[in-house]
Amino acid sequence: MQLGGKTIDRLGFGAMRITGPGIWGPPQDRDEAIRVLREAVRLGVTFIDTADSYGPHVSEELIREALHDGRGYGDVVVATKGGFTRPGPNQWVAVGRPDYLRQCLEGSLRRLGVDRIDLWQLHRIDPATPRADQFATLRSFLDEGLVTQVGLSEVSVEDVQEAQAAGVPIASVQNRYNLGDRRAEKLLDFCTEQDIAFIPWAPVDAGALARPGGPLDRVAAAHPGVTTGQLALAWLLRRSSVMVPIPGTSSVAHLVENLKAADVHLTDEEFAALTAAA
1 MQLGGKTIDR
11 LGFGAMRITG
21 PGIWGPPQDR
31 DEAIRVLREA
41 VRLGVTFIDT
51 ADSYGPHVSE
61 ELIREALHDG
71 RGYGDVVVAT
81 KGGFTRPGPN
91 QWVAVGRPDY
101 LRQCLEGSLR
111 RLGVDRIDLW
121 QLHRIDPATP
131 RADQFATLRS
141 FLDEGLVTQV
151 GLSEVSVEDV
161 QEAQAAGVPI
171 ASVQNRYNLG
181 DRRAEKLLDF
191 CTEQDIAFIP
201 WAPVDAGALA
211 RPGGPLDRVA
221 AAHPGVTTGQ
231 LALAWLLRRS
241 SVMVPIPGTS
251 SVAHLVENLK
261 AADVHLTDEE
271 FAALTAAA
């Protein structure tokens, strides 16, 4: 599919977990984090999702160190987000003031070493800042050529429609969604109709469905060597043509395991059974 002005493979990589505990500070194994990023691209990943708040700043800095070729990222779309401040580990505070969002974008441009971000996403709509001001800021980033496309994170259908009505073409949404958590189902259907990329975070967290003897485990029995995590990702990829899962990890071995999900083929009966299980 097309995203960020390039053609991407729909199974991407989420670069949140290459930071330290609590998504704070440097990774415990920096060399492994670099290897994960480089191996992801070597194995065919063409979409990497990050944010200025991951670390903060650490994830973007590692991506540049690992993948920047002196001019940019070639065929790889690097998407980032802004709009969160980080008081400490596992703490997230939405700030959507236009001056702060511009500061976020300018910092990401600098850290990633590019003149234009492929896809810049508002990490959260800030309830303390007029929504019109936040949407106008996204529009200004497009008009100034600082970003190729923009997106929203953790939103509703109505939020997306409001942004569109304000003259902001929304290229992606990023909501929590997985086999066990379908609260964004209505939004996913809207995105499918509108050809908006749907980027599910926590894509492998199937919860009780992955327990021994559960639906995923039963389907896995018919796929020797396939894990329940791979099946959960395979279900997402089949669920919608606009789905772009971004499983993240700090381990090369786990990365390789996740990416093998692209080769898993569910039968119609298996897909229907998993769809009905939640």
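In full-length UniProt numbering, the protein residues as written are 1 to 278. Even for Gly, the Cβ is constructed at its ideal location relative to N, Cα and C. Bear in mind that the values here come from a model prediction, so they are computed numbers and not experimental data.
Query: From the DSSP secondary-structure annotation, give me the bridge partner or partners of K81.; Result: Q121
Query: So what's L274 in DSSP terms, helix, strand or just coil?; Result: helix
Query: Hey, how far is the Cα of G12 from the Cα of T129?; Result: 32 angstroms
Query: Could you spell out where the beta strand (DSSP E) holding D49 opens and where it closes?; Result: F47 to D49
Query: Alpha carbon to alpha carbon, how far is F84 from V95? Give it in angstroms, no decimals.; Result: 6 angstroms
Query: Please return the same chain residues whose Cβ sits closer than 8 angstroms to the Cβ of R9, not counting the five positions on each side in sequence.; Result: In the sequence under discussion, the amino acid at residue 9 is Asp, which differs from the Arg named in the question. For D9, where only same-chain residues beyond five positions count, the Cβ hits under 8 angstroms are G44, V45, T46, F47 and A262.
Query: I think L152 touches A136, with their Cβ atoms under 8 angstroms apart; what is that distance to the nearest whole Å?; Result: About 14 angstroms; that fails the 8 angstroms criterion.
Query: By DSSP, does S140 sit in helix, in strand, or in coil?; Result: helix
Query: Is it the case that the Cβ atoms of V242 and A197 are separated by a distance below 7 angstroms?; Result: yes
Query: Could you spell out where the beta strand (DSSP E) holding P170 opens and where it closes?; Result: Correcting the residue type first, residue 170 is Ile in the shown sequence and not Pro. Element bounds for I170: I170 to Q174.
Query: Could you compute how far the alpha carbon of Q91 sits from the alpha carbon of D52?; Result: 14 angstroms
Query: Following the continuous beta strand (DSSP E) through L152, name the residue where it begins and the one where it ends.; Result: V147 to S153
Query: With a threshold of 16 other CB atoms inside 10 Å of the CB of G74, please say whether the residue is buried or exposed.; Result: exposed
Query: What do you reckon, is the C-beta of T227 under 6 angstroms from a heavy atom of the ligand SAM?; Result: In the structure shown, the ligand SAM is absent, as is every other ligand, since no ligand is present at all.
Query: Can you tell me whether I3 is helix, strand or coil according to DSSP?; Result: Before going further, note that residue 3 is Leu rather than Ile in the sequence given. Of the three classes helix, strand and coil, the one that applies to L3 here is strand, per DSSP.
Query: Expressed to the nearest angstrom, what Euclidean distance is found between the alpha-carbon atoms of M1 and L112?; Result: 23 angstroms
Query: Hey, how far is the Cα of G22 from the Cα of T249?; Result: 14 angstroms
Query: Assuming R35 and V252 form a contact by the criterion Cβ under 8 angstroms, report the distance between their Cβ atoms to the nearest whole angstrom.; Result: 5 angstroms
Query: Taking the straight line between their C-alpha atoms, what separation do you get for W235 and A202?; Result: 14 angstroms
Query: Tell me the DSSP secondary structure of residue 301 in three-state form.; Result: Summary: the structure shown does not reach residue 301, with the chain confined to residues 1 through 278, and so no result is reported for it.
Query: Which of the three DSSP states, helix, strand or coil, is assigned to V58?; Result: helix
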